[in-house]
Structures are given as C-alpha cells and as structure tokens.
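For the sequence shown, numbering that gives the first Met the number 0 begins at 0 and goes up steadily by one.
Idealized CB from N, CA, C, for every residue including glycine.
Encoded as structure tokens, the structure appears first; notes follow it.
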Amino acid sequence: MAGKQELSGPDLAAGIALNELADGAMLQGHAAGEPVLVARRGDAYFAIGANCTHYNGPLAEGLMVGDTVRCPWHHACFDLRTGEAIRAPALNPVPCWRVEKRDGKLVVQERIKPGERRMAGEARTPDTVVIIGGGGAGNAAAEMLRREGHSGRIVMISADESVPYDRPNLSKDYLAGTAPEEWIPLRSEKFYKKHDIELLLKTRATAIDTRGKQVTLSDGSARAYDALVLATGGEPVRLDLPGADRPHVHYLRSLDDCRAIIRAAGQATRAVVVGASFIGMEVAAALRVRDLEVHVVAPGKRPMERVLGPEMGDHIRKLHEGRGVRFHLEQTLAAIDDRSVTLQNGETIEADLVIVGIGVRPVTEIAEQAGIRTDRGILVNEYLETSAPGVFAIGDIARWPDPLTGDRIRVEHWVVAERQGQTAAKNILGRRERFDIPPFFWTQHYDTSVNYVGYAERWDRIAIDGRIEDGDCRLAYERDGKTLAVVTIGRDKESLEAEVAMENRVART
C-alpha cells in the first residue's frame, strides 16, 4: 500500500554524530535512496526501514518500546534488531541496515536480510493444521505458523471467492474510490503456493468431528487435523421488514458485497444507510466522497454512542453533517420500496440505494454442533483454546478472559482478529503464550481518524483532555477509578502510550 516514499532528514550513509541520537530516541533519515529510521537503546544502535509495511505510517512518529518500535497509525510493531513484523496489522518485515560507530559518528552501511526466527527446541509440531475461515484471523494464523517454522500441512478453508483481503478498507478508502484494487488482497495466490498453504476457496466446512479430528466439507470430502483453528467470523444481522429483500438493499461484509455497492453507487443519487455503527458511518462517509446524497437512520440518540459515549458521538455527527449527511435518529425503518424508505413515524425518504449496517452475529453453529462450548461466541481460555482439545477459536467468534476488566469479552475488530491468529499459531506449536494484548481499532471519517485502545463495555466517567471539536483530544473511559479504554484524535503517540500502560498493568497482575 506504500506509494513513492519521500526522503527527509540527514544522509545516514554519510553518518551523524553519535550525540545527535540520545538513548531511547529515534531519527529518520535516508541511505542509498531509501528512507531509514535509526534508533538507540543504551549502547545498541539500530537501522530499519522508516515506514510501516501496513499503510506506510511514519515509524519515527511512533513509540520505541524496548527493542521494538510501534507504528503511530495502527499500532503495528517491529523488531529493531531484525525488522520483523512482530504484531499485526503489519504482516511484512521492514528492511534492516548494518550500522557502525566510526570516528564519533553513527554510519548506516549496507542493507541486510532480516533474520529468520526459529522454533524453540521443545516446541511440538502437529502434522496437519486446518483453519476454518479465510479472513484476517485465519490468514494471520497460517502465516505465523510458517514464520515460526511449522513444516507440516496447513489447510485454510474459506467460503469466500477471493484470497484473504484487507477487510477494513472495504468500508473506507476502497468504497470511497480512493484506494486501488491492488491494495485489497493481503497476499497473492502465489504466496500461498510458495508457502505450501492449501487454500480452498468457495468451500464451506459443514461439520467437525472432535473425537476423530476431522472436518467435513461442503463437497462431501473431509480433512483430518491434528490442530484445528476456528476463524468463521461474523455475518450481518438482516432486516426483517417489507421490502428488505429488494435488489437495491445491500449489506457490507465481503469484497463481493463492496463491489456490488460500488456498482450500485455508480447509478444511484440518494442513499439511505440503516444503522449508525462504525460500518454505517464509514459507509456514509465513503458515499459522500462519491457525491451521493446520504441519509442515516438509526434508533440511538447519537452515532456510535454505545462505544464512544455522548461527547464523541456528537462530534462524529457534526463531522458528517458538515459534509452534508442528514440524520434521522431515534427512528427505525418500517418498509422499503423501489425508490424510497418509510420510517416508523411515517416519514418517507427517497432512496435508490439502501445499505444496512445494524451489526453482525458470530458464526458459531458448526462449533455448537460439535459440542464445543459457546455463550454469545465461542468460549476460549487465555491461550485461545476451546473446550475441545486441540481446537482454537479466534477473531469475531472468540470470547476470551480480559485481564484488565476480569470479564469475558468478544471484539469484532480486524487488528484483534489478526493478533489472535498470530497467538493461536504460536500456541499450536507449544508456546503457551497468553492473549493479553489490549484490543485496538481505528475508524476513519473523511480526514478524521479515531484510535481506540482497550475495552470499556461500561464506564462511570469519561475524562476528556483537549478539545474534541478541534480534532486534538484524549478521552479516558474509566470504571471504579481504572482506565479501561482510551480514545484519541490527533494524538497517535498518546494512543501508543496508553496501550503500553495497559500492557504494563496486565503484566503486574
């Protein structure tokens, strides 16, 4: 997703004075025509690529934590020694350069290949790992298995027609028409062949035999497994009212859904978005970029209030109203006609395109039928293991124990899903690594990006620093005096610092 990278800062190949880089500091420069980040920790100096491999974020504006650096945009994390992407959403490493201290200078020398990680000697290696689901979670699990040295068979079963793709972009830049098609796939088909990952597209898993360790597929065939990963994701909640099945009514979950909406938007002039959730509001923004008239209908008093609270909800509403979006709040639909929708209060809104975003539900039926424990999702322990031996659950379906709140939580966000995939892969290989990373997500509305770290289903206070209306603020969601979540606009580094603070709290428990 990176375009041409601008060079800035000093020529690091010519060198900089050692005293220009304080302990714990980072500096962006360039070497041999490439942007390079140098960093110092004690007497150790590092040089890696200056831009995150996810969305090209500037790592120099991020946060150095130990021997790692975190991206300010979406909290990807890279190893300063090897360049390895050690935490999603980045999947690819950044390049590394050799450094030398010479005549009081730090000099960046030749580019080196990032080192490959090896499995610990005591790690067990199951012969066959089957992954049900081809989204971000399943893909991250498959990739991490190979990165960690798993040499056995990997089978990924996906009902989708496309290789795993960048799902968050479907409601953001891609839907708005500002991101090209080539940005959307996470990997090419060649990647899966090269890494010997058997990717079965347009294929559904229909049954799991946990005793016989076998998965039955929709074509009647079966795949045996030694370890199984459930990453079945969620499916949109559907409207149940007259006209809900009309052809101009759309839901957004898959790449095919997004392409259908884009085609419809090309012929439409007025759109109604049903629901003021994250998906609904991002869709509203994307359609306004395409110059459609947009109305939002939702039962709440404010958009996204349940998650972000009243102050941020009011701000999101003003952002959209400033771009021409019209809201019909505390209302629901009664019926949909060919050219209009009718609200419960009798009001009629003209519409030749209707997009529904009223939530998703976890796809857990196949687990329930197999006798795996569920409760508003698939129950997992801190290692993402289900009640069935050798079976893991990750992503939108997983409900795990949150060490910060003590509650079981389920989060429907991309970065969480990918990170759970990575953790599950390590645990399949015997690592016994707890999934205790604070949840993170971002939502984008025109030129405003909102970062959220932590999890606050309930709070008794929101501490606000800065002015929300100025796009420069930090909101802390507190319960019983403890900060459970932090939302920032225009304060990316503070979002990273909040994430580290939460991690440190978990480490002390």
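Please state whether the Cβ-Cβ distance between residue 407 and residue 398 is less than 8 Å.
Using a Cβ distance threshold of 8 Å, residue 407 and residue 398 count as a contacting pair.
Could you tell me the distance, in whole angstroms, from the CA atom of residue 5 to the CA atom of residue 172?
Going by the C-alpha atoms only, they are around 22 Å apart.
To the nearest angstrom, how far is the alpha carbon of residue 128 from that of residue 216?
So the two alpha carbons sit approximately 15 Å from each other.
Which residues in the same chain as residue 122 place their Cβ atom closer than 6 Å to its Cβ, once the five residues preceding and following it in sequence are excluded?
Reliability of the predicted coordinates at residue 122 is poor, the pLDDT of 47 falling under 50, and the value obtained from them is presented with this limitation in mind. So the list reads 428, 429, once near-sequence residues are dropped.
Which of helix, strand or coil does DSSP assign to residue 10?
In this structure, residue 10 counts as strand in the three-state DSSP scheme.
Exposed unless 16 or more other CB atoms sit within 10 angstroms - verdict on residue 460
By the neighbour-count rule (16 or more Cβ atoms within 10 Å), residue 460 is not buried but exposed.
Under the three-state DSSP convention, the category residue 121 falls into
Only weak support is given to the placement of residue 121: the predicted model assigns it a pLDDT of 41, under 50, and the value that follows is read from those uncertain coordinates. Here residue 121 sits in coil by DSSP.
For the alpha helix (DSSP H) that residue 264 lies in, which residues bound it at each end?
In the DSSP annotation of this structure, the continuous segment of the alpha helix (DSSP H) that includes residue 264 starts and ends at 254-266.
Do you know how far the Cα of residue 64 is from the Cα of residue 259?
In this structure, the CA atom of residue 259 is about 43 Å from the CA atom of residue 64.
Rounded separation between residue 286 and residue 324 - CA only:
If you take the alpha carbons of residue 286 and residue 324, they lie about 10 Å apart.
Rounded to the nearest angstrom, how far is the Cβ of residue 509 from that of residue 273, given a contact under 8 Å?
This structure cannot speak to residue 509, because the chain is shown only from 0 to 508.
Look up residue 72 in the DSSP assignment and say whether it is helix, strand or coil.
Looking at residue 72 - three-state DSSP - the assignment turns out to be coil, as it is neither helix nor strand.
Hey, could you find the ends of the beta strand (DSSP E) residue 348 is sitting in?
Taken as a continuous stretch (DSSP letters only), the beta strand (DSSP E) holding residue 348 covers 347-349.
Just checking residue 74 against the ligand SAH - is the residue's beta carbon closer than 7 Å to any of the ligand's heavy atoms?
This structure lacks the ligand SAH; in fact it carries no ligand of any kind.
CB residue 59 to CB residue 107, shorter than 8 Å?
With contacts defined by Cβ atoms closer than 8 Å, residue 59 and residue 107 do not form a contacting pair.
Give the list of continuous alpha helix (DSSP H) stretches no shorter than 4 residues that lie fully inside the segment 154-219.
Fully enclosed alpha helix (DSSP H) runs of no fewer than 4 residues occupy 172-175, 188-193 of the segment 154-219, in order along the chain.
Please state whether the Cβ-Cβ distance between residue 495 and residue 62 is less than 8 Å.
Contact flag set, yes.
What did DSSP end up calling residue 115 once you bin it into helix, strand or coil?
Its pLDDT being 44, under 50, residue 115 is placed unreliably in this model, and the value from its coordinates should be taken loosely. Here residue 115 carries a coil assignment [DSSP, helix/strand/coil].
What did DSSP end up calling residue 448 once you bin it into helix, strand or coil?
Residue 448 carries a strand assignment under DSSP once its states are collapsed to helix, strand and coil.
Between residue 53 and residue 70, how many whole angstroms is the CB-CB distance? I'm expecting something under 8 Å.
Going by Cβ atoms, the distance from residue 53 to residue 70 rounds to 7 Å, so yes, they are a contact pair.
Indicate whether the contact test is met: 3 or more Cβ pairs, each with one atom in the segment 145-160 and one in the segment 174-181, closer than 8 Å.
No, the segment 145-160 is not in contact with the segment 174-181.
Do you know whose CA, among 337, 446, 382, 250, lies nearest residue 177's CA?
Ranking the options by Cα distance to residue 177, first place goes to 446.
Whole-angstrom distance between residue 381 and residue 305, CA atom to CA atom:
In a straight line, the C-alpha of residue 305 is about 26 Å away from that of residue 381.
In three-state terms, what does DSSP make of residue 343?
In this structure, residue 343 counts as coil in the three-state DSSP scheme.
Helix, strand or coil for residue 79 per DSSP?
Here residue 79 sits in coil by DSSP.
Reference residue 235, options 29, 251, 421, closest by Cα
The option with the nearest alpha carbon to residue 235 is 251.
So, helix, strand or coil for residue 25, using DSSP?
In the structure shown, residue 25 sits in a strand (DSSP, three-state: E or B).
Which of the three DSSP states is assigned to residue 294 in this structure?
Looking at residue 294 - three-state DSSP - the assignment turns out to be strand.
Runs of alpha helix (DSSP H) lying entirely within the segment 382-463, each at least 4 residues, in chain order:
Segments of the alpha helix (DSSP H) lying fully in the segment 382-463: 413-427.
Which residue comes first and which comes last in the beta strand (DSSP E) that contains residue 245?
It is not in any beta strand (DSSP E) - residue 245 carries neither H nor E in the DSSP assignment.
Between the CA atoms of residue 89 and residue 414 - distance to the nearest angstrom:
So the two alpha carbons sit approximately 9 Å from each other.
Identity of the residue in 464, 264, 139 nearest residue 422 by Cα:
Scanning 464, 264, 139 for the CA closest to the CA of residue 422 turns up 139.
From the DSSP output, which residues share a beta bridge with residue 51?
Under DSSP, residue 51 shares a beta bridge with no residue.
Residue 471 bridges to which residues according to DSSP?
According to DSSP, which records beta bridges pairwise, residue 471 is partnered with 466.
Buried/exposed call for residue 292, threshold 16 Cβ in 10 Å:
Counting C-beta atoms within 10 angstroms of its own C-beta, residue 292 has 16 or more neighbours from the protein chains shown and is therefore classed as buried.
Taking residue 295 as the reference, give the member of 205, 206, 332, 409 with the closest Cα.
The candidate whose alpha carbon is nearest that of residue 295 is 332.
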